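Notes to accompany the following structure.
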Amino acid sequence: MRGITSMRLGTGALVALGVLAYVFGGQAAWILLLLGAALAGLVVWEYVEHARHRDEVARFALEHGWSHTPRTAKYSLRFTGTPFDQRGSSVRQEDVLEGRYGGVPCATFTHVVEQQSDGERSSAQVFQVTLAELPVRLPRLDIVPEHVGHHLAQAFGGVDIEVESHAFNSRWRVIARDRRYGHDVVDPRMIERLLAYDVEGCSLRIDGGAVLMWSPGREGVDTLAKRLDVVAGVARRIPDHVLRRYAQAGAAMRDPDAPLAGPAWATTPGVLNSRRYTGIGSDEAQQWTATDPEPEAGPPRA
Numbered sequence: 116m117r118g119i120t121s122m123r124l125g126t127g128a129l130v131a132l133g134v135l136a137y138v139f140g141g142q143a144a145w146i147l148l149l150l151g152a153a154l155a156g157l158v159v160w161e162y163v164e165h166a167r168h169r170d171e172v173a174r175f176a177l178e179h180g181w182s183h184t185p186r187t188a189k190y191s192l193r194f195t196g197t198p199f200d201q202r203g204s205s206v207r208q209e210d211v212l213e214g215r216y217g218g219v220p221c222a223t224f225t226h227v228v229e230q231q232s233d234g235e236r237s238s239a240q241v242f243q244v245t246l247a248e249l250p251v252r253l254p255r256l257d258i259v260p261e262h263v264g265h266h267l268a269q270a271f272g273g274v275d276i277e278v279e280s281h282a283f284n285s286r287w288r289v290i291a292r293d294r295r296y297g298h299d300v301v302d303p304r305m306i307e308r309l310l311a312y313d314v315e316g317c318s319l320r321i322d323g324g325a326v327l328m329w330s331p332g333r334e335g336v337d338t339l340a341k342r343l344d345v346v347a348g349v350a351r352r353i354p355d356h357v358l359r360r361y362a363q364a365g366a367a368m369r370d371p372d373a374p375l376a377g378p379a380w381a382t383t384p385g386v387l388n389s390r391r392y393t394g395i396g397s398d399e400a401q402q403w404t405a406t407d408p409e410p411e412a413g414p415p416r417a
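Mapped onto our numbering, the consecutive letters of the sequence shown carry residue numbers 116 to 417.
Here you go:
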């Protein structure tokens with residue numbers, strides 16, 4: 116992965132430098148200089164690549180009306196499994212792009228898991244994650260290439276689900292804890308989408324109210340449309356009866372763009388002593404109805 120490349124090469128270079136200095140004696144100085152320059156060049160190249168990626172993402176957001184957040188941690192605890200089960204002293208998301216694609220709320224970001232020792236960065240694992248939001252929280256279901264499915268099933272503790280399609284079974288492993296749920300999601304329409312050429316080799320997961328895919332390293336916006344086609348396409352193919360069943364069971368996701376429900380005094384921003392809603396406890400405001408009476412005028416409570 117790109118995030119740990121310089122660390123690994125740097126460690127190997129230091130070992131090599133020590134060996135060369137011991138073997139070649141005085142001649143090692145020139146070799147040390149060349150290898151040191153090469154290592155410094157690699158570090159500079161990674162820094163420039165990171166800066167280029169950030170500029171590219173910011174420009175995309177500006178041109179397409181998406182939002183760009185340089186750094187956050189809001190996705191760190193939302194999902195399970197690779198790469199979100201990686202542990203480090205700093206786990207964060209960088210260059211988060213959020214917007215709508217084909218009417219589906221989507222996002223892409225660089226997931227960074229960094230290890231630090233004595234306050235100094237020692238290594239970092241970097242993944243590109245792209246997701247499409249769902250209206251409900253569905254149980255975890257993994258759809259991964261056939262050759263990695265066995266190991267994932269063992270780690271996840273799920274069952275490997277096969278469907279009535281030899282072409283599908285030879286390409287994909289579907290892993291879920293509930294066999295019936297797996298068959299409900301991977302119906303003929305979903306199978307048709309997953310056999311398309313643009314999905315081949317991808318690792319997909321339904322989890323945390325989203326369909327997501329990930330890959331090692333950073334991915335630029337030049338491949339974003341392809342990735343969004345995949346996650347949004349899979350999200351649209353989840354059968355309505357599955358979404359309806361879990362919504363009725365209380366797993367519906369709150370739409371962050373939905374207007375707050377309640378009387379004007381509860382939903383109009385104001386100051387703390389004005390008895391007007393200030394943004395604190397936004398979830399509680401959903402309990403109000405349009406028929407709630409306005410509060411009587413009077414001095415604010417102490």
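Ideal Cβ placement from N, Cα and C applies to all residues, glycine included.
Remember, it's a predicted structure, so these values are computed and weren't measured experimentally.
- Around the CB of leucine 327, 16 or more other CB atoms lie within 10 Å, so the residue is classed as buried.
- Of the other Cβ atoms in all chains shown, fewer than 16 fall within 10 Å of the Cβ of arginine 174; this residue is therefore exposed.
- A contact between stretches requires three or more CB pairs, one per stretch, nearer than 8 Å, and the stretch 344-353 meets this requirement with the stretch 242-250.
- Runs of the beta strand (DSSP E) lying entirely within the stretch 281-368 and spanning at least 3 residues, in chain order: 287-291, 319-322 and 325-331.
- For the pair glutamate 209 and phenylalanine 224, the CB atoms are nearer than the 9 Å cut-off.
- Put simply, the backbone Cα of valine 228 is about 33 Å away from that of alanine 362.
- The alpha-carbon separation between glutamine 243 and alanine 366 amounts to approximately 27 Å.
- Here glycine 196 is near arginine 255, since their CB atoms are less than 9 Å apart.
- Runs of alpha helix (DSSP H) with 4 or more residues, each lying fully within the stretch 182-217, are absent.
- In chain order, Glu248 place their CB closer than 6 Å to the CB of proline 220, counting only its own chain and leaving out the 5 sequence neighbours on each side.
- Boundaries of the beta strand (DSSP E) around proline 260: 256-260.
- Secondary structure at valine 278: coil, using DSSP grouped into helix, strand and coil.
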